[in-house]
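Beneath this line is the structure, given in structure tokens, with notes to follow.
Protein chains: 2
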Amino acid sequence: MNIGTVAQRAGLPAKTIRYYEEIGLIRPARDTNDYRAFSERDLHKLAFIGRARALGFSIEDCRGLLALYEDESRASADVRRIASEHLARIDAKIAELRAMRGTLSTLVEACAGDERPDCPILSDLAEPSRQSISGT
Amino acid sequence: MNIGTVAQRAGLPAKTIRYYEEIGLIRPARDTNDYRAFSERDLHKLAFIGRARALGFSIEDCRGLLALYEDESRASADVRRIASEHLARIDAKIAELRAMRGTLSTLVEACAGDERPDCPILSDLAEPSRQSISGT
DNA sequence: GATGGCCCTTCCATCAACTGGAAGGTCAAG
DNA sequence: CTTGACCTTCCAGTTGATGGAAGGGCCATC
Numbered sequence: 002m003n004i005g006t007v008a009q010r011a012g013l014p015a016k017t018i019r020y021y022e023e024i025g026l027i028r029p030a031r032d033t034n035d036y037r038a039f040s041e042r043d044l045h046k047l048a049f050i051g052r053a054r055a056l057g058f059s060i061e062d063c064r065g066l067l068a069l070y071e072d073e074s075r076a077s078a079d080v081r082r083i084a085s086e087h088l089a090r091i092d093a094k095i096a097e098l099r100a101m102r103g104t105l106s107t108l109v110e111a112c113a114g115d116e117r118p119d120c121p122i123l124s125d126l127a128e129p130s131r132q133s134i135s136g137t
Numbered sequence: 002m003n004i005g006t007v008a009q010r011a012g013l014p015a016k017t018i019r020y021y022e023e024i025g026l027i028r029p030a031r032d033t034n035d036y037r038a039f040s041e042r043d044l045h046k047l048a049f050i051g052r053a054r055a056l057g058f059s060i061e062d063c064r065g066l067l068a069l070y071e072d073e074s075r076a077s078a079d080v081r082r083i084a085s086e087h088l089a090r091i092d093a094k095i096a097e098l099r100a101m102r103g104t105l106s107t108l109v110e111a112c113a114g115d116e117r118p119d120c121p122i123l124s125d126l127a128e129p130s131r132q133s134i135s136g137t
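Top to bottom, those sequences are chains A and B.
Position in the first sequence counted from 1, then plus 1, gives you my numbering.
Position in the second sequence counted from 1, then plus 1, gives you my numbering.
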């Protein structure tokens, strides 16, 4: 299989697949013309990585998950640990975004949004203590 | 004021302040010894930027907000638009993270996390259709 | 066999928003 | 006069790709 076919079947851009090879996530064989020759197994790994990335796992997490996936004698505890840590990072990120969202939406609601210069958003950024909503 | 003092008072690393100068967010004067000489006004702008960044605004948003802040004849609508667009991006990001979180937490809960190799997390990454939870 | 069009290759640059570190100049205290 | 805390610039690295240039391959058709 050439890279274009694999890209289509894995749902990843060819550029990304080349990048994944460059950083050692996959090692496709080569044809005599230097074209990458992907096996079904390579394709399967790429799809695996694609799904892990879609769940927000970092490339390094993907590397670890892939290694565990290919290790028949793995302990599911190791997989679970990677996933739990990632879940915790997601929760932290959501909390951070919600805090931003809270402050920001209050400010946006308080802003007239007309042609006049007075703006509670700018006031808060300039001097958050004065008359305004504090973050979180 | 030297950069160290400003860094402390603005709550930003000196490195970051130099970076902000490099990209043209601020233009501190220079002493004869080439040290940056910050005015209170520079400090104020840096604190403004710091607060905008803490609300998740991009550097380019900060540039726009700062320009509006300094424009006495601004329309608050322009500020509001920047903030609303950012709010929409935050909402999108939260939704994305929540979707990831949903799938991931189900998988983590389903995983025994013991010394055995069987793992629903890996099964789902390998073959999401087979027996498993699909991600939104 | 030449031409066209699409596919493949490598390599280099770029994005955001810093951060780290090297190499070296400045300044105040003791 | 030296020590240590500042300051300076410049270069490299981070994460995860993405865009584009320059060039080679392959297949069909005229």
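C-beta: ideal position from N, C-alpha, C; glycine also.
On a predicted model such as this, the values are computed, not experimentally measured, just so you know.
Going by C-alpha positions, Asp-72/B is about 35 Å away from Ala-96/B.
At a cut-off of 7 Å, the C-beta of Gly-65/A has no neighbouring C-beta in chain B. Those residues of the stretch 105-128 of chain A placed with their C-beta closer than 8 Å to a C-beta in chain B are Leu-105, Ser-106, Leu-108, Val-109, Cys-112, Ala-113, Gly-114, Asp-115, Glu-116, Arg-117, Pro-118, Asp-119, Cys-120, Ile-122, Leu-123, Asp-125, Leu-126 and Ala-127, ordered along the chain.
Not a single CB atom of chain A sits nearer than 7 Å to the CB of Gly-51/B. In this structure, Gly-12/A sits near Gly-51/A, with a CB-CB distance shorter than 7 Å. Membership of Tyr-21/B in the alpha helix (DSSP H) is indicated by the continuous run 15-23. Collapsing the DSSP output to three states places Ala-30/B in a strand. Scanning Ser-124/A, Pro-14/A, Leu-98/A and Asp-92/A for the CA closest to the CA of Ser-106/B turns up Asp-92/A. Of all residues in the stretch 29-58 of chain A, the ones placed with a Cβ closer than 7 Å to any Cβ belonging to chain B are Phe-49, Arg-52, Ala-53, Ala-55, Leu-56 and Gly-57, in chain order. Within 10 angstroms of the beta-carbon of Arg-28/B lie fewer than 16 other beta-carbons, which makes it exposed. DSSP places Arg-37/B in the strand class (E or B) of the three-state scheme. Around the beta carbon of Ala-89/A, fewer than 16 other beta carbons lie within 10 angstroms, which makes this residue exposed.
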